[in-house]
Amino acid sequence: MLFKQQAWLRQKLLVLGSLALGSLLYLVARVGSLDRLQPICPIEGRFGSAHSQVEFPIRALQSKRGLLHEFRKGNASREQGRLHDLVQQLPKAIIIGVRKGGTRALLEMLNLHPAVVKASQEIHFFDNDENYAKGMEWYRKKMPFSYPQQITIEKSPAYFITEEVPERIYKMNSSIKLLVIVREPTTRAISDYTQVLEGKERKNKTYYKFEKLAIDPNTCEVNTKYKAVRTSIYTKHLERWLKYFPIEQFHVVDGDRLITEPLPELQLVEKFLNLPPRISQYNLYFNATRGFYCLRFNIIFNKCLAGSKGRIHPEVDPSVITKLRKFFHPFNQKFYQITGRTLNWP
Ligand code: A3P
């Protein structure tokens with residue numbers, strides 16, 4: 197009888213223990229999903245002491261974090277947002293390019309910072325006339341909800357190469373911070389080609405080889421009419437931007453280094469954005485299967501970029517690569533000179 201009672205008690209304790217553990221795990225998961233920011237950086241540390249004018253009581257913050265999550269999922273009303281001080285803010289920094297430079301990786305990695313909120317989609321406000329005609333309020337409403345102390349960042353790589361964009365951004369905010377992520381120009385051009393090629397293949401269309409597009413068959417010189425080549429002449433585009441913004445408002449991110457060694461690149465961006473350093477090695481882990489660094493928000497939530505990032509490039513004739521590198525060389529030198537950032541491109 198006593199033995200039976202003991203067994204019953206043990207069973208009951210086991211059930212209760214599992215229940216408690218389950219609840220604990222659920223709570224950790226829920227809090228993590230409500231806000232990935234909390235485990236990295238407590239709210240009072242978000243901006244360092246100089247910036248922490250507003251202090252949220254922790255309890256109120258819990259519900260606010262939940263609300264921010266509901267907003268992201270589209271489940272909360274604007275009225276609720278107003279009640280909780282959530283706002284849609286124009287970006288204080290924009291990743292203006294370069295296409296295939298690693299713009300998505302940069303945005304996602306910066307979003308690890310508790311003071312940064314990303315606009316998930318490319319908005320194409322400044323480069324698309326139809327969108328631009330909808331006005332600044334339309335643009336602002338495309339922004340995610342955030343707390344007033346956070347900064348919103350958007351990325352649309354087409355901005356870098358589109359003629360009208362610098363003036364339009366200048367009219368919105370002449371002191372905005374501009375991030376340009378670049379990769380070795382020939383690699384970037386091949387990456388650009390690979391993306392277009394994949395699109396063609398998906399539609400069962402045939403496409404030219406990279407060599408045929410990049411080299412003019414009549415002159416055997418680099419084909420400067422080919423968009424993938426033109427986009428990689430970074431200095432030409434940057435010079436257009438410099439008619440509106442001083443160089444101090446730009447920060448060049450080394451996209452090749454962001455692939456192999458993301459943390460130091462992100463730390464430079466934190467500095468440029470005047471953010472306290474919050475992104476750490478904990479937030480970035482190398483995933484051997486993907487062959488890239490992936491993002492860790494907390495003990496439960498992590499993610500790698502989509503498979504469309506990090507495609508396998510087709511093999512390109514080495515003589516074409518050499519020709520392209522020789523072609524880009526003087527433009528690269530100028531780019532280093534203007535930006536003050538020397539990259540080890542061949
Ligand atoms: P490839 O597909 O040529 O490898 P963008 O986001 O501007 O389109 O840039 C895409 C590039 O981001 C990819 O080019 C990839 O190399 C690079 N990248 C940088 N960091 C990455 C990461 N952590 N995961 C996946 N891709 C990354």
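In this text, residue positions in the sequence shown follow this note's numbering: the first is 197, and each later residue adds one.
Beta carbons are placed, not taken as given, at the ideal position from N, Cα and C, and that holds for glycine.
Heavy atom of the ligand A3P within 7 Å of residue i beta-carbon
i: ARG474; result: no
i: THR402; result: no
i: ALA301; result: yes
i: GLY395; result: no
i: LYS499; result: no
i: HIS433; result: no
i: ARG398; result: no
i: ARG295; result: yes
i: HIS447; result: no
i: GLY536; result: no
i: SER342; result: no
i: GLY587; result: Nothing about residue 587 can be read from this structure; the chain reaches only from 197 to 542.
i: ILE455; result: yes
i: GLY298; result: yes
i: SER371; result: no
i: HIS320; result: no
i: THR348; result: no
i: THR382; result: no
i: PRO514; result: no
i: SER387; result: yes
i: HIS509; result: yes
i: TYR430; result: no
i: THR427; result: no
i: THR420; result: no
i: THR390; result: yes
i: PRO353; result: yes
Where residue i sits in the DSSP three-state scheme
i: ASP325; result: helix
i: ASP281; result: coil
i: SER245; result: Confidence in SER245 is poor, its pLDDT being 36 and thus under 50, which makes the residue's placement unreliable; the coordinate value appears in the next sentence. The answer is helix: DSSP assigns SER245 an H, G or I state.
i: VAL418; result: strand
i: ALA256; result: Here ALA256 scores only 36 on pLDDT, less than 50, and its place in the model is too uncertain to base an answer on.
i: TYR481; result: strand
i: ILE517; result: helix
i: ASP378; result: With the sequence shown as reference, residue 378 is identified as Val, and Asp is not the correct amino acid for it. Three-state DSSP puts VAL378 in a strand.
i: PRO542; result: coil
i: VAL227; result: Per-residue confidence for VAL227 stands at a pLDDT of 37, beneath the threshold of 50, marking its modelled position as unreliable; no derived number is given.
i: PHE531; result: helix
i: ARG261; result: Because ARG261 sits at a pLDDT of 45, beneath the cut-off of 50, its placement in the model cannot be relied upon, and the following sentence gives the value as read from the coordinates. Helix at ARG261.
i: LYS505; result: coil
i: SER545; result: Any question about residue 545 goes unanswered here, given that the chain covers just 197 to 542.
i: GLU359; result: coil
i: THR390; result: helix
i: LEU198; result: Because the pLDDT at LEU198 is just 47, under 50, the model does not fix this residue reliably, and the point stays unresolved.
i: VAL294; result: coil
i: LYS401; result: coil
i: PRO526; result: helix
i: GLY395; result: helix
i: LYS330; result: coil
i: VAL512; result: coil
i: ARG537; result: coil
i: ARG486; result: coil
i: LEU308; result: coil
Residues that DSSP places opposite residue i in a beta bridge
i: ALA289; result: ILE349, LYS373
i: LYS499; result: LEU491
i: SER342; result: VAL283
i: ILE411; result: VAL418
Beta-carbon separation (whole angstroms), residue i vs residue j, contact threshold 8 Å
i: ARG507; j: THR382; result: Not really, about 16 Å apart at Cβ, beyond 8 Å.
i: PHE322; j: TYR355; result: 6 Å
i: VAL418; j: PHE488; result: Actually they are not in contact, since the Cβ atoms of VAL418 and PHE488 sit about 30 Å apart, beyond 8 Å.
i: ALA315; j: PRO340; result: 6 Å
i: ARG185; j: VAL294; result: Because the chain in this structure spans residues 197 to 542, residue 185 falls outside the shown range and cannot be described.
i: LEU543; j: LYS337; result: Residue coverage of the chain in this structure runs from 197 to 542, which leaves residue 543 outside it and unanswerable.
i: GLU461; j: ASP450; result: 6 Å
i: ASN372; j: ILE455; result: According to the sequence displayed, residue 372 carries Ile and not Asn. About 26 Å separates the two Cβ atoms, so there is no contact after all.
i: LYS432; j: ILE347; result: At roughly 30 Å, the Cβ-Cβ gap does not stay under 8 Å, so LYS432 and ILE347 are not in contact.
i: PHE580; j: LEU308; result: Residue 580 is absent from the structure shown; the chain starts at 197 and stops at 542.
i: ALA424; j: ASP388; result: 4 Å
Within-8 Å CB hit, residue i to chain D
i: PRO542; result: No chain D appears in this structure, which consists of one protein chain only.
Which ranges would you report for the beta strand (DSSP E) in the segment 430–476 if only whole runs of at least 3 residues count?
446–450
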